[in-house]
Every structure is written in C-alpha cells, then in structure tokens.
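Undergrad: Could you have a look at this structure, given as structure tokens, before my questions?
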Amino acid sequence: MVVCNRVNDIPKIDQSALTIGSFDGIHCGHLEILKKLEVLSSENKSTSVVITFDPHPKTILRSDLLEDKFLITTLDKKIEIFELHGVDCLLVLPFDEKLANIEAKIFLENIIVKYFNPHDIVVGYDHHFGHNRTGDINLLESYSESYAFTVHQVEQIGVDGIPVSSSEIRNALTSENIHDANLFLGWNYELKGIVEKGEGLGKTIGFPTANVRPIELHQIIPSNGVYEVEVAIDGEQFSGMCNIGNRPTVNGSDNRIEVNIFSNENLNLYSKVITLIFKEYLRSEKKFSSIDELKAQLKIDKKRCLEIN
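Under this note's numbering, the first residue of the sequence shown is numbered 117, with each subsequent residue one higher.
What follows is the structure in structure tokens.
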C-alpha cells in the first residue's frame, strides 16, 4: 500500500475505486465499505483508494474539545487496517482550517477526480464531506454522469439489533462495556502508550505493573476498572490484566493505567512503547480493607484471565 500525505506524492492512477472519510474507530460499518471497495477494484481492475484526514477534523473544528478524549482509532491503527483490507493507495490529508473551508464540489473536482479518476465511489449511509459537510450522496450522484463514476452507498450495519456507529462505540468504551465496543469494532480495542516509572508498589505484593501513558492525547481511555488484556511488546504478545483508576486501596489520587503482564521473563519496559489490547471487563475498581485482601482479589482476577484465555 502506498501512503501519501500530499496530493503531489500521489502515483499516477488510471482509474480508481475510492472512498473518503475520517474513519474514526474503523468499525463493522467501515469494514463493509472496505470490502465493497476491494470487490469493485478487483472487478474493474481499478486502484483501490482511501482518502482520510489527520488530525481528526474535530480537533480543528471544535475548539471546545481540545482537552477531550474522543478518538477511537490512531492513525497507525487505521493504516494497519486499511492495508489488511487490500487498499492500494492511502491519502492522509493534513486537516487544517484551509482544508476545512474547501467546498465539497471543489474537493470533488480538484482532488478526487483530478488525481484519482474514480470509476466507483463508495460511501456510508450518512456520508458527508467538504465545507459545512455539504458533500453527500446527492451531490456525488449529481456529478456522477459528468465525471463517469458510479456511486455505491453501503447501508448501516447492525450488531445484535443495535446500529453500529462511532458514537455507540464511544458510549460502550466509557460505560464498562468493552465487550460491545469490540463487537461493534470487529476487532479488540487498542491503546498504545509509553511505559513510565511508577512507585513500584505492585512489585512489593507480587503483581508488578507497568504504568502506561497513552501516546494519543485525544484517544478514549476505557472506563475505570480491571480488564483482561493482551500486551504487544516489540512484536511479541503477552497475556495480562490492566487496572484503570486511582488505586483507592493505597490512597491514590490520580487516575492511572497499570498493567500486570503474565510473563516469567524479566521485562525491562521503561520508556518502551507498548500496546494494550482490551479483551474483557472483569470488575469495577474498589477499595479493599487491606493489602492482603487486594492481593487475594488480584489472584482471583489473574486466574479468571487465564481461564478466559
């Protein structure tokens, strides 16, 4: 897959099957779009193209969200999923005020048509693009004959009777419902972070933990509680359990992400980038009456994680 950050870097494309969007939380609905894109590009011998944006448009258009955590997917994860689904060319446009003010018709003519010559354009059921979100399926269809492309709309996907959307995933992640979040995504939610030095309290009770600081400022941190996780470190994966919260038993004051990795290896993780892959929500965080009671519960948590695996 070719990844471009400027239109001038785009390779010559004779004909494409193309989609465009922010793709935050590449969920089951987005995956259907990518599947349709793959089918059309194969049938028509076209180059499959995705146009997306970084940073997320909300960070530019919504100044009230500057400190909020609303992102589901990092750019790295998007690139990984796009490549996995056979995308040939990915254009990641730097999103700024100038891009935000481009009218949908101008974007269609000066970028989509000019550089990609689309034979097919695939969009979701609620697709919008361009200044003030004026670009939609109606606008695309109004220019489809002039520019000789066909518009394909993918209907909304439902899982267990619930329509899948980024909003539903955000709600699930922040309401102790990692199970549904993963179900809607079609993959297990991930949080990438840097391991920082902590107080070492976990080690003194037989459960050493790595303190993780998320790399992406705006990415959603799941609800406080204890989770079964997989931990990706330098291409290897380890089972583990993760606590998100303020550690009330030891009178902690700030919220932290701490992971206990089930490994006999002496892992030196300080300053390393690791990825937490959230699998199951085990329980809420609670204040125990003693360290011994906490240790007993952690043993139960670990046993449950190993049984799930």
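Idealized CB from N, CA, C, for every residue including glycine.
From a predicted model like this one, the values you see are computed outputs, not experimental measurements.
Hey, how far is the Cα of E159 from the Cα of H268?
TA: Here residue 159 corresponds to residue number 43 of the sequence shown, with the count starting at 1. Here residue 268 corresponds to residue number 152 of the sequence shown, with the count starting at 1. If you take the alpha carbons of E159 and H268, they lie about 14 Å apart.
Undergrad: What's the C-alpha gap between G302 and C144?
TA: On the sequence shown, residue 302 is found 186 positions in, with the first residue counted as 1. On the sequence shown, residue 144 is found 28 positions in, with the first residue counted as 1. In a straight line, the C-alpha of G302 is about 6 Å away from that of C144.
Undergrad: When you compare the CB positions of G361 and G341, do they come within less than 8 Å of one another, or not?
TA: As a first step, residue 361 is located in the sequence shown; it is residue number 245 there, counting from the start. As a first step, residue 341 is located in the sequence shown; it is residue number 225 there, counting from the start. Yes, the pair counts as a contact, with Cβ atoms nearer than the cut-off.
Undergrad: Closest to V459 by CA distance: which of E315, K193 and L207 is it?
TA: Residue 459 lies beyond the range of the chain shown here (117 to 425); nothing can be said about it.
Undergrad: Enumerate, from N- to C-terminal direction, the unbroken alpha helix (DSSP H) stretches of 4 or more residues contained entirely within the segment 254–307.
TA: 282–289 and 294–301
Undergrad: Which first and last residues belong to the alpha helix (DSSP H) in which P173 is found?
TA: Reading the sequence shown from its first residue, position 57 is the one you call residue 173. Here the alpha helix (DSSP H) through P173 covers P173 to L177.
Undergrad: Can you pull the DSSP bridge partners for V342?
TA: By 1-based counting over the sequence shown, the position of residue 342 is 226. V342 is bridged to N359 and R399.
Undergrad: Rounded to whole angstroms, what's the CA-CA distance from F300 to Q272? Just pull it up for me.
TA: The residue you call residue 300 lines up with position 184 of the sequence shown. The residue you call residue 272 lines up with position 156 of the sequence shown. Those two C-alpha atoms are separated by around 12 Å.
Undergrad: Is it true that the CB of A326 sits closer than 8 Å to the CB of E381?
TA: Walking along the sequence shown from the start, residue 381 turns up at place 265. Walking along the sequence shown from the start, residue 326 turns up at place 210. In this structure, A326 does not lie closer than 8 Å to E381 by Cβ.
Undergrad: Starting from S138, follow the alpha helix (DSSP H) in both directions and report where the run begins and ends.
TA: Start at 1 with the first residue of the sequence shown, and residue 138 comes out as number 22. Premise fails: S138 is in no alpha helix (DSSP H) and is neither H nor E.
Undergrad: Helix, strand or coil: how does DSSP classify T391 here?
TA: The sequence position of residue 391 within the sequence shown is 275, counting from 1. Look at T391 here: in three-state DSSP terms it is strand.
Undergrad: Can you grab the Cα-Cα spacing for the pair G322 / Y343, in whole Å?
TA: Along the sequence shown, read from residue 1 onward, the residue named residue 322 stands at position 206. Along the sequence shown, read from residue 1 onward, the residue named residue 343 stands at position 227. Each residue's alpha carbon lies about 18 Å from the other.
Undergrad: Please report how far the alpha carbon of E213 lies from the alpha carbon of L177, in whole angstroms.
TA: The residue labelled residue 213 in the question sits at position 97 within the sequence shown. The residue labelled residue 177 in the question sits at position 61 within the sequence shown. Cα to Cα, the separation comes out at about 8 Å.
Undergrad: Give the DSSP-derived three-state secondary structure of S132 in the structure shown.
TA: Position 16 of the sequence shown, counted from the first residue, corresponds to residue 132. Strand at S132.
Undergrad: So D417 packs on L392, CB below 8 Å; how close in whole Å?
TA: Taking the first residue of the sequence shown as position 1, residue 417 is located at position 301. Taking the first residue of the sequence shown as position 1, residue 392 is located at position 276. Between D417 and L392, the beta carbon gap of about 16 Å keeps them out of contact (Cβ cut-off 8 Å).
Undergrad: Can you find the residues in the same chain that come closer than 6 Å, C-beta to C-beta, to S157, ignoring five residues on each side of it along the sequence?
TA: What you label residue 157 is simply residue 41 of the sequence shown in a count that begins at 1. Within the same chain, S157 has close Cβ partners A133 and S164.
Undergrad: Check the Cβ-Cβ distances between E261 and every residue of chain B, and say whether any is below 8 Å.
TA: Included in the structure is just one protein chain, with no chain B present.
Undergrad: Over the uninterrupted alpha helix (DSSP H) stretch that includes F223, give me the two end residues.
TA: Here residue 223 refers to the residue found at position 107 of the sequence shown. A220 to F223 is the extent of the alpha helix (DSSP H) around F223.
Undergrad: Given a cut-off of 8 Å on the beta-carbon distance, is the pair H247 and E225 in contact?
TA: Taking the sequence shown and counting its residues from 1, one reaches residue 247 at position 131. Taking the sequence shown and counting its residues from 1, one reaches residue 225 at position 109. No.
Undergrad: Between which two residues does the beta strand (DSSP E) carrying L207 extend?
TA: Reading the sequence shown from its first residue, position 91 is the one you call residue 207. L207 -> beta strand (DSSP E) spans C205 to P210.
Undergrad: Please list the terminal residues of the continuous alpha helix (DSSP H) segment that includes T320.
TA: As a first step, residue 320 must be located in the sequence shown, where it is residue number 204. That run of the alpha helix (DSSP H) goes L317 to T320.
Undergrad: Tell whether a beta-carbon distance below 8 Å holds between L255 and K221.
TA: Counting from 1 along the sequence shown, the entry for residue 255 is found at position 139. Counting from 1 along the sequence shown, the entry for residue 221 is found at position 105. For L255 and K221, yes; Cβs fall inside 8 Å.
Undergrad: Where does the unbroken beta strand (DSSP E) through F404 begin, and where does it stop?
TA: As a working note, residue 404 is residue 288 in the sequence shown. Premise fails: F404 is in no beta strand (DSSP E) and is neither H nor E.
Undergrad: Does the beta-carbon of G277 have 16 or more other beta-carbons within 10 angstroms, so that it is buried, or is it exposed?
TA: Within the sequence shown, numbered from 1, the residue matching residue 277 stands at position 161. That one is exposed.
Undergrad: Measure the alpha-carbon distance for K174 versus G202 and round it to whole angstroms.
TA: On the sequence shown, position 58 is the one that residue 174 refers to. On the sequence shown, position 86 is the one that residue 202 refers to. Approximately 28 Å, taken between the alpha carbons.
Undergrad: Measure the alpha-carbon distance for E401 versus P364 and round it to whole angstroms.
TA: Walking along the sequence shown from the start, residue 401 turns up at place 285. Walking along the sequence shown from the start, residue 364 turns up at place 248. Cα atoms of E401 and P364: separation of roughly 8 Å, rounded to the nearest angstrom.
Undergrad: Would F394 be called buried (16 or more neighbouring beta carbons within 10 Å of its own) or exposed?
TA: Indexing the sequence shown from 1 puts residue 394 at position 278. Looking at its Cβ environment, which holds 16 or more other Cβ atoms inside 10 Å, F394 is buried.
Undergrad: Return yes when at least one heavy atom of the ligand FMN lies under 7 Å from the C-beta of E159, else no.
TA: The model depicted lacks the ligand FMN and carries no ligand whatsoever.
Undergrad: Could you tell me which of E352, I407, K313 and T290 sits nearest to I188, measuring between CA atoms?
TA: As a first step, residue 188 is located in the sequence shown; it is residue number 72 there, counting from the start. I188 has its Cα closest to that of T290, out of E352, I407, K313 and T290.
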